[in-house]
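Asks:
Number of protein chains: 2
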Amino acid sequence: MTRHRTTAALAAALHITAPAVGQVDAARDAAATYREANERAILTEAMDLLRLPNVAPNREDILANAHHIVGLMEARGIDARILEAGDAMPAVYGELFVPGATRTVMLYVHYDGQPVQPENWASDPFDPVLRAGRLEDEADIVDFDAADNFDPDWRIYARSASDDKTPLIAMLTAIDALRAAGLGPNVNIRFFLEGEEEYGSPHLRDLLETHRDLLDADIWLIADGPIDQRGDPRLILGVRGVTSMSLTIHGAERVLHSGHYGNVAPNPAARLAHLITSMRDENGRILIEDFHDGIAPIPEAAEQFIADGAFDEDSILAEPGIARTEYGPGAPYGEAVMVPALNVLGLSSGAVGDETRNAVPDRAEAAIGFRMVPGQTLEHLRAVVRDHIEAQGYLVLGREPTSEERLAHPMIAELHWSSSGYEAAGTPADAPEITYLHGLMTEASERPVRVVPLLGGSLPLAYIAGVTQTPFAIVPIVNPDNSQHAPNENIRLGNFWDGIELYAVLLNADWAFD
Amino acid sequence: MTRHRTTAALAAALHITAPAVGQVDAARDAAATYREANERAILTEAMDLLRLPNVAPNREDILANAHHIVGLMEARGIDARILEAGDAMPAVYGELFVPGATRTVMLYVHYDGQPVQPENWASDPFDPVLRAGRLEDEADIVDFDAADNFDPDWRIYARSASDDKTPLIAMLTAIDALRAAGLGPNVNIRFFLEGEEEYGSPHLRDLLETHRDLLDADIWLIADGPIDQRGDPRLILGVRGVTSMSLTIHGAERVLHSGHYGNVAPNPAARLAHLITSMRDENGRILIEDFHDGIAPIPEAAEQFIADGAFDEDSILAEPGIARTEYGPGAPYGEAVMVPALNVLGLSSGAVGDETRNAVPDRAEAAIGFRMVPGQTLEHLRAVVRDHIEAQGYLVLGREPTSEERLAHPMIAELHWSSSGYEAAGTPADAPEITYLHGLMTEASERPVRVVPLLGGSLPLAYIAGVTQTPFAIVPIVNPDNSQHAPNENIRLGNFWDGIELYAVLLNADWAFD
Chain B
30 MTRHRTTAAL AAALHITAPA VGQVDAARDA AATYREANER AILTEAMDLL
80 RLPNVAPNRE DILANAHHIV GLMEARGIDA RILEAGDAMP AVYGELFVPG
130 ATRTVMLYVH YDGQPVQPEN WASDPFDPVL RAGRLEDEAD IVDFDAADNF
180 DPDWRIYARS ASDDKTPLIA MLTAIDALRA AGLGPNVNIR FFLEGEEEYG
230 SPHLRDLLET HRDLLDADIW LIADGPIDQR GDPRLILGVR GVTSMSLTIH
280 GAERVLHSGH YGNVAPNPAA RLAHLITSMR DENGRILIED FHDGIAPIPE
330 AAEQFIADGA FDEDSILAEP GIARTEYGPG APYGEAVMVP ALNVLGLSSG
380 AVGDETRNAV PDRAEAAIGF RMVPGQTLEH LRAVVRDHIE AQGYLVLGRE
430 PTSEERLAHP MIAELHWSSS GYEAAGTPAD APEITYLHGL MTEASERPVR
480 VVPLLGGSLP LAYIAGVTQT PFAIVPIVNP DNSQHAPNEN IRLGNFWDGI
530 ELYAVLLNAD WAFD
Chain D
30 MTRHRTTAAL AAALHITAPA VGQVDAARDA AATYREANER AILTEAMDLL
80 RLPNVAPNRE DILANAHHIV GLMEARGIDA RILEAGDAMP AVYGELFVPG
130 ATRTVMLYVH YDGQPVQPEN WASDPFDPVL RAGRLEDEAD IVDFDAADNF
180 DPDWRIYARS ASDDKTPLIA MLTAIDALRA AGLGPNVNIR FFLEGEEEYG
230 SPHLRDLLET HRDLLDADIW LIADGPIDQR GDPRLILGVR GVTSMSLTIH
280 GAERVLHSGH YGNVAPNPAA RLAHLITSMR DENGRILIED FHDGIAPIPE
330 AAEQFIADGA FDEDSILAEP GIARTEYGPG APYGEAVMVP ALNVLGLSSG
380 AVGDETRNAV PDRAEAAIGF RMVPGQTLEH LRAVVRDHIE AQGYLVLGRE
430 PTSEERLAHP MIAELHWSSS GYEAAGTPAD APEITYLHGL MTEASERPVR
480 VVPLLGGSLP LAYIAGVTQT PFAIVPIVNP DNSQHAPNEN IRLGNFWDGI
530 ELYAVLLNAD WAFD
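Top to bottom, those sequences are chains B and D. Counting in the working numbering, the first sequence runs from 30 upward without gaps. Counting in the working numbering, the second sequence runs from 30 upward without gaps.
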C-alpha cells in the first residue's frame with residue numbers, strides 16, 4: 030500500500046493550508062507517543078466503562094453509564110451534564126471551548142448497547158477480557174494485570190467494545206494526547222452522547238429539539254460503525270432513509286376451489302405480482318410516478334468517490350453469491366445504493382410446498398420496504414405510492430373490505446404504513462466541510478480513505494440533520510469484524526490506537542476552511 | 030317453471046324419433062309407478078348398502094361392498110364380477126345384454142366413500158337414518174319401520190348416500206321398473222363401478238387397461254356429483270385437467286440487509302412477480318408461447334349451452350363476494366372455465382406482518398396450478414412452461430443452485446412438477462351422442478336441462494377417455510346440498526326418485542342415433 034501523503038499541491042486542492050499539513054503529522058505523532066506511554070491506563074479507562082451494563086431501556090443502568098461518562102469528561106475539564114427529555118433515556122452533553130477557536134465540532138457516539146444473551150458469549154459481556162487475537166482463531170485470554178506490552182492484534186471482548194464505548198474513550202484520549210504535547214485542541218468541541226440508539230432512538234428528536242440551543246456546530250462527526258472492510262479509513266457522508274408498508278390484495282371472501290373458480294375468482298397472488306411489477310422494473314428501477322421528486326442529481330464528486338473504490342465491490346457481491354448487482358443491471362455497488370430501493374421483504378398467499386392446495390387464495394400480502402435517498406420525504410413517498418395503487422384501478426382501504434365493497438369493487442387493496450420510518454440524510458460530497466475533512470483524513474493515514482457518498486443502510490441521522498441543519502459525517506474507527514450487535518463483540522487494539530490518532534488529527538485542526 | 034316438452038319439430042332437431050318421445054314418457058311413468066309401489070323396498074336396499082363401511086384403502090371393507098353389489102346385480106340377472114389389477118381396490122363389472130340391441134351404454138359410479146370423522150356427524154355415518162327434512166333445519170329422525178309413506182323432502186343421512194351408492198341403487202331400480210312395465214331396457218348395459226375414486230383413483234388406468242376388452246360401449250354415463258344448484262337436471266360434457274408446479278426463484282446465498290443490499294442483491298420476490306406477470310396477464314389470459322397448442326375452438330353448441338344458462342352465473346359470483354369474473358374481465362362464468370387457467374395457489378418469501386424484517390429474502394417460492402382443457406397434454410404443457418422460464422433469462426434447475434452456479438448465473442429458478450396431474454377430458458358439445466342424450470333428458474324433465482360443456486373442476490376422466498376412446502357424459506341425480514365429502518352426507522328422496530325416472534328413460538332408449 031502506497032502512503033498517500035499530501036503534497037503541497039494536493040494540500041491546496043484539498044483546501045488545507047501547508048501549515049495544516051504539518052499540524053496533522055504533529056497531532057498523529059503526539060497521539061502515538063502519548064498512547065505508547067499510557068496503554069495500560071487507556072485500556073483501564075475503556076474496560077472500566079465497558080464493565081457497566083448499558084442495555085436500554087434499563088434506566089438505572091443507562092443512568093449509571095451517563096454519570097460515569099460525565100465523570101470522565103469533568104476529569105478533563107469538559108463542562109458536562111445529563112440531558113433529559115420526557116421519557117428519553119438520558120443523553121450526555123459536554124463542551125470544551127478553546128480560546129481563539131472560530132469553529133465547533135460536535136462529536137457523537139451512543140453509549141448504550143445491544144441486548145445480550147450471555148449464554149451465547151465466550152465470556153461475560155459486561156466483564157471485559159483481553160484476548161491475544163481473535164476468538165475465532167482460539168486466542169487465549171491475556172492476564173491484563175501481568176501483561177507488560179499490548180500487541181495491536183489483541184482485542185477487548187465486551188458489549189459495546191466497538192459500538193460505541195471505546196470510540197468515546199479514543200476521542201477523550203485524543204484530547205489528552207494533544208494537551209500532553211502542547212498542541213490543541215484547536216477547535217471548540219461539543220459532545221452529544223445518546224443513551225438509546227440501539228433501542229431505536231425513539232426520543233432522539235425530542236432530545237435534540239429540547240436542547241437545540243446547545244447543539245450549534247459547524248459539523249457533526251459520528252464515530253459509529255466500522256471502517257472499510259479492506260482495513261482502510263472510511264468517511265461516510267450519508268445514509269438512506271427507510272420505511273415499509275404492508276400491502277394486501279383481497280380476492281373473494283373465502284378460499285375457493287381452483288377448478289370451479291380458476292379464471293373466475295380474482296387471483297390475489299397474481300394481482301399482487303402485477304402490482305409489484307407496476308411499481309418496480311426487473312432491474313430495480315422504481316416506476317411509481319413522481320417517486321423521484323426532490324432527489325438532487327448525484328454530484329460529480331460522489332461519482333468520483335465511488336469510482337475511486339468507495340466500496341470493496343467484488344467481495345460485497347461475491348461473498349453472498351451475487352453474480353451482478355440488480356440495479357442496472359450490473360451498476361457499480363456504490364451507484365446502486367445511491368438511488369432509492371423498493372425491496373420486497375416478504376410475500377405470503379395461500380400455501381406452497383407440501384401444504385399446497387388446489388385453491389384460489391382469498392388474499393395475498395406483501396411486505397414492501399423502501400430505502401430513500403436525500404430529498405425524499407416520507408409524506409410525499411406515502412402519497413405517490415397510494416396514488417400509484419389507485420391508478421392501477423384499486424380501491425385502497427386501511428382495513429378489510431366489507432361484503433358490499435367486495436361486490437362493488439373488482440379490485441381492492443389494503444395498505445398499512447409502518448410507523449417506524451425515517452428519512453435519508455446526507456452531506457453533499459462537494460461540501461467544503463467534507464473536502465476539508467477528507468483532506469485531514471487523507472493526510473492522517475497511510476492507507477487510502479474510502480469516501481462513501483451514501484451508505485445503503487439507514488440510521489436516524491435525519492433527526493440530527495433535520496433539527497440542527499448542520500452537515501455531518503460518519504468517521505468510524507473500529508474493525509469491521511467487531512461482531513457488533515452479536516455475541517462476542519470486540520475491538521482490535523490497533524484500531525483503537527488508530528482511532529486515537531485520527532481524532533487527535535481532527536481535533537488539532539482549526540477547521541478554518543472557507 | 031314451464032314444462033319443456035319436446036314437440037315433433039324439436040324431436041326431429043334433437044335426432045329423436047317421434048316414437049322415442051312416447052318411449053320417454055312411458056319409461057318415466059313406469060319408473061314412477063314402480064317406485065310408488067316399492068318405496069320401502071327401494072329404501073331398504075339403499076340403506077343396506079350404506080350400512081357397509083367403504084373407505085379406501087381398507088381392502089376388507091371395500092371387498093365386502095363389492096361382493097354385496099355383485100349380489101345385487103346377480104339377483105337381477107346381470108352378469109357381474111370383481112375386477113382386479115395389481116394393488117387396485119377391486120372394481121365391480123357387470124353386463125346385461127339385450128337381444129336385438131345395437132348400442133351399449135356403460136354406467137359408471139364409484140362405491141367407495143370419503144373418510145369420516147364420526148364425532149363430527151349427527152348420526153353414525155355407517156348407520157343410515159331417515160330424517161323428515163334437512164339436519165340444518167333441525168329435522169327429526171323418522172322411525173323407518175313405522176313410516177307409512179315417504180315424503181320427497183325426507184333425506185337419508187349416511188356416508189355415500191349421494192356420492193355414489195344411492196345413484197347405483199337408482200340405476201338398478203330403473204331396470205326393475207322397466208321390466209315390471211314390460212318395457213326395456215332397450216340398450217345393452219355395462220357397469221364399471223370403481224372402489225377407490227375418493228382415494229385418488231391411483232390404479233384406475235391399470236384397471237381400465239387390464240380389462241379393456243370388457244369396456245366397449247357407445248357412451249359412458251357417469252352418475253357422480255350433484256345436479257344444478259337451481260334444482261335443474263345437469264348434463265356435463267367434460268372436466269378440466271389439473272397439474273401444478275413449485276417454482277422457486279433464488280437470490281443471494283443468504284438473507285441480506287435490505288439497506289446494504291437493496292438494489293444490489295437480486296430480489297427474488299420481485300423477480301417472481303415479474304415471472305408470474307410474464308406468464309399471465311391481469312385478466313387471466315395465459316401468455317406462455319405455444320401454451321394453447323392443440324386446443325380446439327369452442328363449438329357453437331357449447332357457446333349456446335353457456336348462453337342458455339349452463340351455470341347459475343349470478344349466484345356463483347355473488348355468494349363468495351366476487352364483483353366480476355377475472356377472465357375477460359367479466360366473461361361469462363361458463364366461458365371463463367372453458368379456457369385454461371393459471372392459478373397462483375401460493376406465494377412465500379421472507380416474512381410479512383409482524384414478522385417482517387428489513388431484509389432481502391434469499392428465495393421466493395410460488396405454487397402454481399394449471400387447469401387444462403381438452404387437447405392439451407401434460408408433456409407439452411410442462412415443456413412450454415419450462416421454455417418460457419428459460420426465455421426470461423433463467424437457468425432452470427431441478428434442485429438448489431451451487432455457489433458456483435450462483436456466481437455464474439444472475440437468474441436462477443428451481444422447478445418441480447407435481448407428480449399428480451392428469452389431463453382434461455371432454456365430449457364435444459355437438460357430438461351426436463350428446464345431442465341424443467340431451468334430447469332424452471329434455472323430454473324426461475319438466476325443468477330446463479343445464480348442459481355444461483366443461484366443468485371448471487377436474488376428475489380423472491382422461492383415464493377413461495384415453496383408454497377407451499369412448500364419449501362420456503356426466504348425468505348426476507343427487508341434490509346439490511348433499512354435503513358430499515363432509516359430515517352428514519345425505520340424499521333427498523325426491524332426487525333419488527327423479528334419478529330412478531331419469532335412468533329409466535336413458536336405459537329404455539335404444540340409443541339408435543345415427
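Virtual Cβ for every residue (Gly too), placed ideally from N, Cα, C. Note that the coordinates shown come from a computational prediction; the quantities given were computed from them, not determined experimentally.
Report the neighbours of Thr-354/B on chain D: residues whose CB is nearer than 9 Å to its CB, in chain order.
Replies: Asn-292, Val-293, Ala-294 and Pro-295
Asks: Please state whether DSSP places Leu-535/B in a helix, a strand or coil.
Replies: helix
Asks: Here's the rule: buried if 16 or more other CB atoms are within 10 angstroms of the residue's CB, otherwise exposed. What is Thr-31/B?
Replies: Low confidence applies to Thr-31/B: its pLDDT is 34, below 50, so where it sits in the model is not reliable enough to give any reading.
Asks: Any beta-carbon of chain D closer than 9 Å to the one on Leu-207/B?
Replies: no
Asks: Quick one: Cα of Glu-16/D to Cα of Glu-394/D, how far?
Replies: The requested residue 16/D is not part of the displayed model; chain D covers only 30 to 543.
Asks: With 9 Å as the threshold, decide whether the Cβ of Glu-394/B is near any Cβ in chain D.
Replies: yes
Asks: For Tyr-362/D, return the contacting residues in chain B, with the cut-off set at a CB-CB distance below 8 Å.
Replies: What Tyr-362/D touches in chain B: Val-293.
Asks: Anything in chain D within Cβ reach of Ala-623/B, meaning under 8 Å, just list it in chain order.
Replies: Here chain B comprises residues numbered 30 to 543, so residue 623/B is not present and cannot be evaluated.
Asks: Distance, Cα to Cα, Tyr-122/B vs Lys-194/B?
Replies: Each residue's Cα considered, the two are about 15 Å apart.
Asks: Can you list the alpha helix (DSSP H) stretches of 4 or more residues lying completely in the region 315-372 of chain B, in chain order?
Replies: 329-336, 342-347 and 362-365
Asks: Here's the rule: buried if 16 or more other CB atoms are within 10 angstroms of the residue's CB, otherwise exposed. What is Ser-449/B?
Replies: By the neighbour-count criterion, in which 16 or more other beta carbons inside 10 Å mark a residue as buried, Ser-449/B falls on the exposed side.
Asks: Can you give me the C-alpha to C-alpha distance between Asp-416/D and Thr-406/D, rounded to a whole angstrom?
Replies: 15 Å
Asks: Would you say Gly-288/B faces chain D, with C-beta separation under 9 Å as the test?
Replies: yes
Asks: Mind checking the region 303-316 of chain B against chain D and listing, in chain order, the residues whose C-beta falls within less than 7 Å of any C-beta there?
Replies: His-303, Ile-305, Thr-306, Arg-309, Glu-311 and Gly-313
Asks: Which residues in chain B have a C-beta closer than 7 Å to the C-beta of Met-432/D? List them in chain order.
Replies: The sequence shown places Ser at residue 432/D, rather than the Met named in the question. Within chain B, the residues placing a beta-carbon under 7 Å from that of Ser-432/D are Gly-350, ordered along the chain.
Asks: Quick check on DSSP: helix, strand or coil for Ala-117/B?
Replies: Reduced to three states, the DSSP call for Ala-117/B is coil.
Asks: Tell me the DSSP secondary structure of Pro-461/B in three-state form.
Replies: Collapsing the DSSP output to three states places Pro-461/B in a helix.
Asks: Counting only Cβ-Cβ distances shorter than 8 Å, please list the residues of the region 412-446 of chain B near chain D, keeping chain order.
Replies: Ser-432, Arg-435, Leu-436, Ala-437, His-438 and Pro-439
Asks: By Cβ distance below 6 Å, which residues in the same chain neighbour Asp-192/D in space, the five residues on each side in sequence not counted?
Replies: The beta carbon of Asp-192/D sits closer than 6 Å to the beta carbons of Gln-513 from its chain, once the five residues preceding and following it are set aside; these are given in chain order.
Asks: Taking the alpha helix (DSSP H) that Met-308/B belongs to, which residues open and close that run?
Replies: 297-308
Asks: Among Tyr-362/D, Val-84/D, Trp-446/D and Pro-369/D, whose alpha-carbon lies nearest the alpha-carbon of Arg-269/D?
Replies: Relative to Arg-269/D, the option among Tyr-362/D, Val-84/D, Trp-446/D and Pro-369/D whose CA is nearest is Pro-369/D.
Asks: With 9 Å as the threshold, decide whether the Cβ of Val-480/B is near any Cβ in chain D.
Replies: no
Asks: How long is the line joining the alpha carbons of Ala-42/D and His-467/D, rounded to whole angstroms?
Replies: Any reading at Ala-42/D needs caution, since the residue's pLDDT is 49, under 50, leaving its predicted position unreliable; the model's value is listed next. Distance between the alpha carbons of Ala-42/D and His-467/D: 11 Å.
Asks: Going by the C-beta, is Glu-311/D closer than 8 Å to any heavy atom of the ligand ATP?
Replies: Ligands displayed in this structure: none; no statement on the ligand ATP is therefore possible.
Asks: Pull up the DSSP beta-bridge partners for Arg-263/B, would you.
Replies: Arg-479/B
Asks: I'd like to know whether the C-beta atoms of Ile-327/B and Pro-505/B end up nearer to each other than 9 Å.
Replies: no
Asks: List the residues of chain B that Arg-269/D touches, going by C-beta distances under 9 Å, in chain order.
Replies: Gly-288 and Gly-291
Asks: For Glu-385/B, which residues in chain D fall below 9 Å Cβ to Cβ?
Replies: The residue you asked about is not Glu; residue 385/B is Thr in the sequence shown. Near Thr-385/B (Cβ distances below 9 Å), the residues of chain D are Ser-273, Ser-275, Leu-374, Gly-375, Ala-396, Gly-398 and Ser-447.
Asks: Whose Cβ in chain B lies nearer than 7 Å to the Cβ of Arg-283/D?
Replies: Pro-349, listed in chain order.
Asks: For Asp-245/B, count neighbouring Cβ atoms within 10 angstroms of its own Cβ and tell me buried if that reaches 16, exposed if not.
Replies: exposed
Asks: Using a C-beta cutoff of 9 Å, does Val-389/D count as contacting chain B?
Replies: yes
Asks: Let me know if Thr-36/B comes out buried or exposed under the rule of 16 or more other beta-carbons within 10 Å of its beta-carbon.
Replies: At Thr-36/B the pLDDT is 43, less than 50, meaning the model places this residue with poor confidence; the figure from the coordinates comes in the next sentence. The residue in question, Thr-36/B, is exposed, as its Cβ has fewer than 16 Cβ neighbours within 10 Å.
Asks: Let me know if Glu-518/B comes out buried or exposed under the rule of 16 or more other beta-carbons within 10 Å of its beta-carbon.
Replies: Buried.
Asks: At which residues does the beta strand (DSSP E) containing Ile-218/D begin and terminate?
Replies: 217-223
Asks: Helix, strand or coil: which one does DSSP assign to Tyr-423/D?
Replies: Here Tyr-423/D sits in coil by DSSP.
Asks: Applying a beta-carbon distance threshold of less than 8 Å, which residues of chain B neighbour Val-402/D?
Replies: Near Val-402/D there are no residues of chain B at all, since even the closest Cβ is about 11 Å away, more than 8 Å.
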